[in-house]
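In the working numbering, the protein residues as written are 3 to 649.
Ideal Cβ placement from N, Cα and C applies to all residues, glycine included.
Structure record follows, encoded as structure tokens.
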RNA sequence: GCUGGCGUAGCUCAACCGGUAGAGCGUCGGAUUUGUAAUCCGGAGGUUGUGGGUUCGAGUCCCACCGCCAGCUCCA
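Right, here's the structure in full:
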């Protein structure tokens, strides 16, 4: 008896396959089927159904992740088939489907050139054309060892498969691979695919091992979906914060200064300034005290905190002090400094929670290949904060942090997700396991109490404690960590932090590290991409640009701009002798929220013709005072839209 | 850091087999005084990332370094 998704059931002969099931339901379904979910597991069409099962047929749908998973997995095999045909001696690594496509890793003596990729793609089309059936076979370990005796990578993988698991191989024409499956019925299914790029990738992701050559590609069921995907990749490039940052003159990095060291130009700095003011207001409202700590500290501080040696590879080398044995370091984090402030005087339970906040520049040596525009830099501006609290206050403090994160994200309309990052490997962490158990449990509890959905990033914690991270995606789909809330029982130990409790005994506080933006660099980068450079009025570097139609209104335009500046607005005047159309175009390209056109009519009536960014038709002529009122309202409310008052 | 690719004017890009650097946009000057996404004319601007080498001659070929891009690794 097979139970179908609609609740109905079907009786089939023993030994019937998934394909039989599909056929028994209808010929259309049989034709559209690529795989099936049987008892929640994705299986081949050719697989035999168990006696009692729930099953649903997976059909060729570009919006079904399972269908795409199967298709792309098969595409990866077709790629490997083509590569094996062209280079018979290549070693075969892994070739999984991934979120937006698939890849396959190959051990080849020479990396693939773009021409090679073209050639491989052509050969892959032949593989698809040949319409090889994907044949699954379950084999014994000994058989498998024999089949892959010439491929050390496969043998290594094979050795890791537990004794209890069945070993299966898939064959498509000339190519045989160790694989769990499932696959589409034949290579002919892979009609719409494209190979995208090739790059080196370490075998098993281990940088100490051999480097394989990875080829990335993508595949869809329809040509429209493939084309749409390729167009989206192009569109994403236009949103890249590195490009927009240049076009809008927001920031730069320069060889003379060094990689990963960002110079904020005036317009980028204006965005930062708004963000700083905003977050400072928010944290002060929530009981934080602002502090400032030095960029440079005696090395002994970082020895005590454990940053030396646990964080050395990310720290700049030490600088000699006055005495031979004195050395200083540039800080990579603020927690040691803030801890010493806590320790600077005896603390009572009445002082807790002590919440310290500092928007601070820290410096981290990041490996050159990891740097990326504003998203990965070597001088980071953290909106850092440390909460020293009693154990029983942890949960509510974390809850407040989560609330703050939510306020910030919601205000900006950013989409994000939470991850709980647990303890890293033994050699990369400090403190007893019991401490880690407590800390991880506390974070779990807080997330549950806040009723938030979250993933778990095993081993992703900091060396001193586990954390809750917020992650967002950039324009090209890469995920970046933003806000972070970290729970730490270790640094208070190391700094011997204490407070006197109500019971007149000494107690150890718990330390919560948290950053809401994360860093202003990354956050601004994410915002640039999020808004495509079209910042809402409250954040826009230039909120309005006044355009006199002719020289005759130039002085009036200046006067209007002055009136706006006095109100605290960021205004420019464009009185160049170019046509109005030209200057409007410029303002649009610079993503200025409001263009204020001033002609004779406006001068006479003390009005401006308001053109909102991206709005061609609806324009209104309103008094300068009304414009001030409207803009003020938008700025105050941190409105995300432009031009609502035009309606 | 690793693998590969790339580096020409502020930006986007051109320069056949090695023959001595060019266009558009921008900028500057002039004309134009414009009613909602590109007005016209003219000028300036480059030690071709840096340093070596090969060659009669290098943007072009070779080596090293620097930087950027993609991926891997690592992380806010």
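Whose C-alpha, out of 544, 494, 648, is nearest the C-alpha of residue 571? In the first chain, the residue the question calls residue 571 occupies position 569. Nearest option by C-alpha distance: 544.
Can you say whether residue 327 is buried or exposed, counting buried as having 16 or more other CB atoms within 10 angstroms of its CB? For the purposes of this step, residue 327 is identified with residue 325 of the first chain, where counting begins at 1. Classification for residue 327: exposed.
Should the segment 199-216 be regarded as contacting the segment 54-69, the criterion being three or more beta carbon pairs within less than 8 Å? Because the criterion of three Cβ pairs below 8 Å is not met, the segment 199-216 and the segment 54-69 do not touch.
Candidates 141, 346, 53, 312, of which the one nearest residue 165 by Cα: Position 163 of the first chain holds residue 165. When only C-alpha atoms are compared, the closest one is 141.
May I ask which residues mark the beginning and end of the beta strand (DSSP E) holding residue 438? On the first chain, position 436 is the one that residue 438 refers to. Per DSSP, residue 438 lies in no beta strand (DSSP E) segment; the continuous alpha helix (DSSP H) that holds it begins and ends at 435-451.
What are the boundary residues of the alpha helix (DSSP H) that includes residue 632? To locate residue 632, count along the first chain from 1; it is residue 630. 626-638 is the extent of the alpha helix (DSSP H) around residue 632.
Just confirm the distance between the C-beta atoms of residue 256 and residue 526, as a whole number of angstroms; I'd bet it's less than 8 Å. Taking the first chain and counting its residues from 1, one reaches residue 256 at position 254. Taking the first chain and counting its residues from 1, one reaches residue 526 at position 524. About 18 Å; that fails the 8 Å criterion.
Could you have a look at residue 584 and say whether DSSP puts it in helix, strand or coil? On the first chain, residue 584 is found 582 positions in, with the first residue counted as 1. It is helical.
Taking all protein chains shown into account, do 16 or more other C-beta atoms lie within 10 angstroms of the C-beta of residue 487, making it buried, or fewer, making it exposed? Counting from 1 along the first chain, the entry for residue 487 is found at position 485. Around the Cβ of residue 487, a 10 Å sphere holds 16 or more other Cβ atoms; the residue is buried.
Measuring alpha carbon to alpha carbon, tell me which residue in 421, 648, 406, 609 is nearest residue 620. Reading the first chain from its first residue, position 618 is the one you call residue 620. Ranking the options by Cα distance to residue 620, first place goes to 648.
So does the segment 67-74 actually touch the segment 154-164, counting three or more Cβ pairs closer than 8 Å? With a cut-off of 8 Å, the segment 154-164 and the segment 67-74 do not count as touching, because too few Cβ pairs lie within range.
The segment 390-402 in contact with the segment 364-371 per 3-pair CB rule at 8 Å: Contact fails: fewer than three Cβ-Cβ distances are below 8 Å.
According to DSSP, is residue 56 part of a helix, a strand, or is it coil? The residue you call residue 56 lines up with position 54 of the first chain. Three-state result, residue 56: strand.
Taking 6 Å as the limit between beta carbons, can you name the residues of its chain near residue 385, skipping five residues before and five after? On the first chain, residue 385 is found 383 positions in, with the first residue counted as 1. Only 281, 361, 517, 518, 519 meet the Cβ criterion.
Within 10 angstroms of the Cβ of residue 335, are there 16 or more other Cβ atoms? Answer buried if so, exposed if not. Counting from one through the first chain, the residue named residue 335 turns up at place 333. Taking a 10 Å sphere around the C-beta of residue 335, we find 16 or more other C-beta atoms and assign the residue as buried.
Alpha helix (DSSP H) segment containing residue 533, residue limits: Working through the first chain from its first residue, we reach residue 533 at position 531. For residue 533, the enclosing alpha helix (DSSP H) has its first and last residue at 522-533.
According to DSSP, is residue 205 helix, strand or coil? What you label residue 205 is simply residue 203 of the first chain in a count that begins at 1. In the structure shown, residue 205 sits in a helix (DSSP, three-state: H, G or I).
Among residues of its own chain, excluding the 5 on either side of residue 124, which ones have a beta-carbon nearer than 6 Å to its beta-carbon? As a first step, residue 124 is located in the first chain; it is residue number 122 there, counting from the start. Cβ within range, chain order: n/a, list empty.
So for residue 620, helix, strand or coil by DSSP? Counting from one through the first chain, the residue named residue 620 turns up at place 618. If DSSP states are grouped into helix, strand and coil, residue 620 belongs with coil.
Exposed or buried, what is residue 265 when buried is set at 16 or more other beta-carbons lying within 10 Å of its beta-carbon? For the purposes of this step, residue 265 is taken as residue 263 along the first chain, with counting starting at 1. Per the 10 Å Cβ criterion, exposed.
Which term fits residue 492, buried or exposed, when burial requires 16 or more other beta carbons within 10 angstroms of its beta carbon? The count along the first chain starts at 1 and reaches residue 492 at position 490. Looking at its Cβ environment, which holds 16 or more other Cβ atoms inside 10 Å, residue 492 is buried.
Leaving aside the five residues before and after residue 232 along the sequence, list all residues of the same chain whose C-beta is less than 6 Å from its C-beta, in chain order. Along the first chain, one-based indexing puts residue 232 at 230. There are no such residues.
Since residue 169 is in the alpha helix (DSSP H), which residue starts that stretch and which ends it? For the purposes of this step, residue 169 is identified with residue 167 of the first chain, where counting begins at 1. Counting along the chain, residue 169 falls outside any alpha helix (DSSP H), though it belongs to the beta strand (DSSP E) covering 169-174.
In the DSSP assignment, the beta strand (DSSP E) including residue 360 goes from what residue to what residue? Here residue 360 corresponds to residue number 358 of the first chain, with the count starting at 1. Residues 356-365.
Closest residue to residue 610 among 569, 447, 388, 548 (Cα-Cα distance): On the first chain, residue 610 is found 608 positions in, with the first residue counted as 1. Of 569, 447, 388, 548, the smallest CA-CA separation from residue 610 is found for 548.
Roughly how many angstroms separate the alpha carbons of residue 424 and residue 432, rounded to a whole number? Residue numbering aside, residue 424 sits at position 422 when the first chain is read from its first letter. Residue numbering aside, residue 432 sits at position 430 when the first chain is read from its first letter. Going by the C-alpha atoms only, they are around 13 Å apart.
Residues in the same chain with beta-carbon distance under 6 Å from residue 585, minus the five sequence neighbours each way, listed in chain order, please. As a first step, residue 585 must be located in the first chain, where it is residue number 583. So the qualifying residues of the chain are 549, 576.
If we require 4 or more residues per run, which alpha helix (DSSP H) segments fall completely within the segment 490-570? 492-496, 522-533, 556-568, all fully within the segment 490-570.
Could you check if residue 442 is buried or exposed, using at least 16 other CB atoms within 10 Å of its CB as the buried criterion? The residue you call residue 442 lines up with position 440 of the first chain. Answer is buried; the Cβ neighbour count reaches 16.
Under the three-state reduction of DSSP, which class applies to residue 163: helix, strand or coil? Stepping through the first chain from its first residue, residue 163 is reached at position 161. Note: residue 163 maps to coil in three-state DSSP.
For residue 297, count neighbouring Cβ atoms within 10 angstroms of its own Cβ and tell me buried if that reaches 16, exposed if not. Along the first chain, read from residue 1 onward, the residue named residue 297 stands at position 295. By the neighbour-count rule (16 or more Cβ atoms within 10 Å), residue 297 is not buried but exposed.
Tell me the DSSP secondary structure of residue 596 in three-state form. Sequence index remark: in the first chain, residue 596 carries index 594 (1-based). Strand at residue 596.
Do you know whose CA, among 172, 438, 339, lies nearest residue 469's CA? Taking the first residue of the first chain as position 1, residue 469 is located at position 467. Residue 438 is the option with its Cα nearest to residue 469.
Go ahead and pull the three-state DSSP assignment for residue 197. Along the first chain, read from residue 1 onward, the residue named residue 197 stands at position 195. DSSP places residue 197 in strand when its eight states are reduced to three.
In three-state terms, what does DSSP make of residue 76? Sequence index remark: in the first chain, residue 76 carries index 74 (1-based). It is helical.
Are three or more beta carbon pairs between the segment 91-100 and the segment 51-58 nearer than 8 Å? The segment 91-100 and the segment 51-58 do not touch, with fewer than 3 CB-CB distances between them shorter than 8 Å.
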